[in-house]
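Peer 1:
Protein chains: 2
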Amino acid sequence: MTNIRELAKMAGVSVTTVSRVLNNHPYVSEEKRNAVLATIRESNYQPNINAIHLSMGKTFLVGVVVPYIEHPYFALLMKGMAIEALENNYKLVLFQSNYDEAKELDALKMLKQKQIDALIICSRICDWSTIEEFTPYGPIILCEDTRGKNVSSTYVDHYKTFIFALEYLYQKGHRKIGYSIGRKTGSNSIFRGMAFKDFIKDNHLPYEPAYIFDECLYFEDGERVISRIKQMADPPTALLITSDEVAAGIVTCAQQQNFSIPGDLALIGFNNQPIAKMMNITTIEIPLVEMGRQLFLQGIVDKEISYQEIPVTLIERQTV
Amino acid sequence: MTNIRELAKMAGVSVTTVSRVLNNHPYVSEEKRNAVLATIRESNYQPNINAIHLSMGKTFLVGVVVPYIEHPYFALLMKGMAIEALENNYKLVLFQSNYDEAKELDALKMLKQKQIDALIICSRICDWSTIEEFTPYGPIILCEDTRGKNVSSTYVDHYKTFIFALEYLYQKGHRKIGYSIGRKTGSNSIFRGMAFKDFIKDNHLPYEPAYIFDECLYFEDGERVISRIKQMADPPTALLITSDEVAAGIVTCAQQQNFSIPGDLALIGFNNQPIAKMMNITTIEIPLVEMGRQLFLQGIVDKEISYQEIPVTLIERQTV
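Protein chains in written order, with UniProt numbering: chain H, 1 to 320; chain G, 1 to 320.
(1) Roughly how many angstroms separate the alpha carbons of I4 (chain H) and S19 (chain H), rounded to a whole number?
(2) Counting along the chain, where does the beta strand (DSSP E) carrying residue 321 (chain H) start and finish?
(3) Determine, using beta carbons only, whether N3 (chain G) comes closer than 9 Å to chain H.
(4) Does residue 375 (chain G) get closer than 9 Å to chain H when you measure Cβ to Cβ?
(5) Would the beta-carbon of T154 (chain H) fall within 9 Å of that of I141 (chain H)?
(6) If you draw a straight line from the alpha carbon of E104 (chain H) to that of G80 (chain G), how long is it in whole angstroms?
(7) Can you tell me whether T154 (chain H) is helix, strand or coil according to DSSP?
(8) Taking the alpha-carbon of T135 (chain H) as reference, which of H:G299, H:A85, H:V225 has the nearest alpha-carbon?
(9) Within 10 angstroms of the Cβ of A165 (chain H), are there 16 or more other Cβ atoms? Answer buried if so, exposed if not.
(10) Work out the CA separation of Y45 (chain H) and M1 (chain H) for me, nearest whole Å.
(11) With DSSP collapsed to three states, give me the class of Y168 (chain H).
(12) Quick check: what's the CA-CA separation for L22 (chain G) versus I229 (chain H)?
(13) Within 9 Å (strictly less), CB to CB, does L142 (chain G) reach chain H?
(14) With DSSP run on the structure shown, which of helix, strand or coil describes M1 (chain G)?
(15) Mind pulling the alpha helix (DSSP H) runs of 4 or more residues that sit fully within the stretch 276–303 of chain H?
(16) Using CA coordinates, which residue listed in H:V36, H:V64, H:G222, H:N150 is at the minimum distance from I261 (chain H)?
(17) Buried or exposed: P236 (chain H), going by 16 or more other Cβ atoms within 10 Å of its Cβ?
(18) Tell me the DSSP bridge mates of G63 (chain G)?
(19) Residues of the stretch 207–241 of chain G in Cβ contact with chain H at a cutoff of 8 Å, in chain order, please.
(20) Output the distance between the C-alpha atoms of G292 (chain G) and R124 (chain G), rounded to the nearest integer angstrom.
(21) Please determine, among G:D202, G:N24, G:K197, the residue with the shortest C-alpha to C-alpha distance to P209 (chain G).
(22) Along chain G, which residues have their Cβ under 8 Å away from the Cβ of C253 (chain H)?
(23) What residues of chain C sit near G249 (chain G), judged by a beta carbon separation below 7 Å?
(24) Spatial neighbours of residue 321 (chain G) within its chain, please: CB distance less than 6 Å, with the 5 preceding and 5 following residues excluded, ordered by chain position.
(25) Closer than 7 Å by beta-carbon distance: list the chain H residues that pair up with A75 (chain G), in chain order.
(26) Have a look at E144 (chain H) and H71 (chain G) and give me their C-alpha separation to the nearest angstrom.
(27) Please decide whether V93 (chain H) counts as near chain G, where near means a Cβ-Cβ distance under 9 Å.
(28) Can you list, in chain order, the residues of its chain whose CB lies under 6 Å from that of Q318 (chain G), leaving out five sequence neighbours each side?
(29) What residues of chain H sit near K103 (chain G), judged by a beta carbon separation below 9 Å?
(30) If the criterion is Cβ atoms closer than 9 Å, does the pair S243 (chain G) and G269 (chain G) meet it?
(31) Can you grab the Cα-Cα spacing for the pair F199 (chain G) / S189 (chain G), in whole Å?
(32) Can you check which of these residues, G:N271, G:Y168, G:Q171, G:E304, is closest to V312 (chain G) by C-alpha distance?
(33) Can you confirm whether A82 (chain H), when its beta carbon is compared against all beta carbons of chain G, has any partner nearer than 9 Å?
(34) Against chain G, does Q96 (chain H) count as a neighbour if the rule is that its beta carbon must be under 9 Å from one of theirs?
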């Protein structure tokens, strides 16, 4: 069988050019592309792409770790990555971790074994020292503030955003404020918790742990929030809900139980998903698809470590 | 560098056993696994997994084509696939096609070039003759009724299901019935259209094309359905909505516009997503996560072509 080196010689081009043509890479002149394709036809060459990738040390695969594929937050990030992967002739290799450390390690090991060219971790369970062990093997990109650390990131400053949203509620007259999050231990949740404590302290408000609702990820979690609030003697009057899905669940459940939003409880959602628009939920817009695109590009284009903060916007609707 | 053959010889096992150990494959005795791992430690062998896969003719990658990653229907199918991929030490390679034929062809070509071991197409844009060209290169699995064709499938009988749901509405007294779908031209939509026409004819009802709503995929599409119905002189009294998301959008929009569900319009959703439960939407339950698991297993385990019909269940709630 003709191999890629012979083919390159026959076509009068470099091995890199042949591999680019075989990978549909855009940066090849029309003339060279035609020369390679003509030689392939004449020589009856059946390219083994895996062998070519092996010889190039590239796979054109980028790994993506998400805890839950079906959650809209991660699905929208992946949509953005998929758009850029398509544009750049890469494919995404998906790891659903369920926040199982061993599964995240599997993904990191694939980077070490050069089965993927870069790894994007959308939400991390491994600690920093583990991640850092793998940085020599290829780009690792995170979706959290990594400033000062040796991995790239596209992130929202959740401390600043939380302070901003809390001040908005304060200005609207709220003094009993709480919030909901997904995992308690996630890096984003830690920044949010710090912001909340600082805000409470700066404004001389009492700290009420019962106003913090964790494990709130899905529409149906809204039901739990409403039922807990209804049992409180001194309930919060406003909540930051870090997922529009959960905020939509709260609105739906409140309607069924004649609980007034924002009368009994004001809400600010996060992300500005279509459901927030249709349900008139005030929310912090986070451009998730755009973030996904940036995360992907940091993996395959940027050679230097970079930290990209994504600005967010308050969308005022009818739940505050 | 020690290669896999030398390593196998040193450890006193077969090359297959070494590759299984390196791939964390479960079917290796503890004794042999330990022998291989000890030899690796002693020889300082750095396995190049890509070279091993190349020599085995396997990649442990399964391709998945979905038109839109972020749609809950596809996200739930992918969740099921991801669960089985994890169980079986495979990874998923994701193709977001946006129903662009060239992108689906890219995925089929990856199968041809042995960059993936199998390809699952969750919703197809290529025609049959194109798909069939690629069947010699590896398993292709579809999520539609392929009985009589030479590709495997896990599917819902959408003809039968639509007839069943239409009869339910008929027994509840409805005579002006319509439905919503995603794409007009998809295989599932064609079966549903046939069922609708047969049902209308058998029950001597007039065929009203305005009662058919296409391009209904997301929550926000519910708004368009309600606004079109409000403009009709003779609107339908009941709709089959082939996505719970869209049904939830209709319910939300109807509430805002004082349009009664089911008084003015009865609805049956599809899939039984959590949002349908919380909004009390009557729906046809389709076990999407389980379907995803089966699709994956047909790709990597089954050697013969198989057709698996998935049964569905009507969940009666409050929208009919």
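Every residue gets a Cβ at the ideal spot worked out from N, C-alpha and C, and that includes glycine.
Peer 2: According to the structure shown:
(1) The residue labelled residue 4 (chain H) in the question sits at position 4 within the first sequence. The residue labelled residue 19 (chain H) in the question sits at position 19 within the first sequence. Using only the alpha carbons, I get a separation of about 8 Å.
(2) The structure shown does not extend to residue 321 (chain H), since chain H is modelled only from 1 to 320, so the question has no answer here.
(3) One-based indexing of the second sequence puts residue 3 (chain G) at position 3. At a cut-off of 9 Å between beta-carbon atoms, N3 (chain G) makes no contact with chain H.
(4) Given a span of 1 to 320 for chain G in the structure shown, any question on residue 375 (chain G) remains unanswerable.
(5) Here residue 154 (chain H) refers to the residue found at position 154 when the first sequence is read from its first residue. Here residue 141 (chain H) refers to the residue found at position 141 when the first sequence is read from its first residue. Yes, the pair counts as a contact, with Cβ atoms nearer than the cut-off.
(6) Numbered from 1 along the first sequence, position 104 holds the residue referred to as residue 104 (chain H). Numbered from 1 along the second sequence, position 80 holds the residue referred to as residue 80 (chain G). If you take the alpha carbons of E104 (chain H) and G80 (chain G), they lie about 18 Å apart.
(7) Position 154 of the first sequence, counted from the start, is the residue given in the question as residue 154 (chain H). Assignment of T154 (chain H) by DSSP, reduced to helix, strand and coil, places it in the strand class.
(8) Within the first sequence, numbered from 1, the residue matching residue 135 (chain H) stands at position 135. The residue with the shortest Cα to Cα distance from T135 (chain H) is H:G299.
(9) In the first sequence, residue 165 (chain H) corresponds to position 165, counting from 1. Buried is the call here.
(10) Counting from one through the first sequence, the residue named residue 1 (chain H) turns up at place 1. Counting from one through the first sequence, the residue named residue 45 (chain H) turns up at place 45. Here M1 (chain H) scores only 47 on pLDDT, less than 50, and its place in the model is too uncertain to base an answer on.
(11) As a first step, residue 168 (chain H) must be located in the first sequence, where it is residue number 168. Residue state, collapsed to three classes: helix.
(12) In the second sequence, residue 22 (chain G) corresponds to position 22, counting from 1. In the first sequence, residue 229 (chain H) corresponds to position 229, counting from 1. The straight-line gap from Cα to Cα measures roughly 52 Å.
(13) Taking the second sequence and counting its residues from 1, the one referred to as residue 142 (chain G) is at position 142. Not closer than 9 Å to any Cβ of chain H, the Cβ of L142 (chain G) fails to qualify, so no.
(14) Along the second sequence, one-based indexing puts residue 1 (chain G) at 1. In this prediction, M1 (chain G) has a pLDDT of 47, which is less than 50 and means its spatial position is unreliable; nothing more can be read from the coordinates.
(15) With a minimum length of 4 residues, the continuous alpha helix (DSSP H) runs that stay inside the stretch 276–303 of chain H are 288–300.
(16) One-based indexing of the first sequence puts residue 261 (chain H) at position 261. Shortest Cα-Cα distance from I261 (chain H) to any of H:V36, H:V64, H:G222, H:N150 involves H:G222.
(17) Position 236 of the first sequence holds residue 236 (chain H). Counting Cβ neighbours within 10 Å, P236 (chain H) comes out buried, since at least 16 surround it.
(18) The residue you call residue 63 (chain G) lines up with position 63 of the second sequence. Answer is G:V93, G:L119, bridged to G63 (chain G).
(19) If you check each beta-carbon in the stretch 207–241 of chain G against every beta-carbon of chain H, the ones closer than 8 Å belong to Y218, F219, E220, G222, E223.
(20) Taking the first residue of the second sequence as 1, we reach residue 292 (chain G) at position 292. Taking the first residue of the second sequence as 1, we reach residue 124 (chain G) at position 124. Roughly 16 Å between the two C-alpha positions.
(21) Start at 1 with the first residue of the second sequence, and residue 209 (chain G) comes out as number 209. If you compare the alpha carbons of G:D202, G:N24, G:K197 with that of P209 (chain G), the shortest gap goes to G:K197.
(22) Here the question's residue 253 (chain H) lines up with position 253 in the first sequence. In chain order: M278.
(23) Protein chains H and G are contained in the structure displayed, whereas chain C is not.
(24) Look at the range of chain G in this structure, 1 to 320, and you will see that residue 321 (chain G) is not part of it.
(25) Translated into the one-based positions of the second sequence, residue 75 (chain G) becomes position 75. Correct list: I69, E70, A75.
(26) Here the question's residue 144 (chain H) lines up with position 144 in the first sequence. Here the question's residue 71 (chain G) lines up with position 71 in the second sequence. Distance from the CA atom of E144 (chain H) to the CA atom of H71 (chain G), rounded to whole angstroms, is 25 Å.
(27) One-based indexing of the first sequence puts residue 93 (chain H) at position 93. Cβ-Cβ to chain G under 9 Å: yes for V93 (chain H).
(28) By 1-based counting over the second sequence, the position of residue 318 (chain G) is 318. N280.
(29) Locating residue 103 (chain G) in the second sequence gives position 103, counting from the first residue. Chain H residues near K103 (chain G): L86.
(30) Here residue 243 (chain G) is taken as the residue at index 243 of the second sequence, counted from 1. Here residue 269 (chain G) is taken as the residue at index 269 of the second sequence, counted from 1. Yes. Within cutoff.
(31) Locating residue 199 (chain G) in the second sequence gives position 199, where the first residue counts as 1. Locating residue 189 (chain G) in the second sequence gives position 189, where the first residue counts as 1. So the alpha carbons of these two residues sit roughly 15 Å apart.
(32) Indexing the second sequence from 1 puts residue 312 (chain G) at position 312. Closest option to V312 (chain G), Cα to Cα, is G:N271.
(33) As a first step, residue 82 (chain H) is located in the first sequence; it is residue number 82 there, counting from the start. Taking Cβ atoms only, chain G reaches closer than 9 Å to A82 (chain H), which makes this a yes.
(34) In the first sequence, the residue the question calls residue 96 (chain H) occupies position 96. So yes, Q96 (chain H) belongs to the interface.
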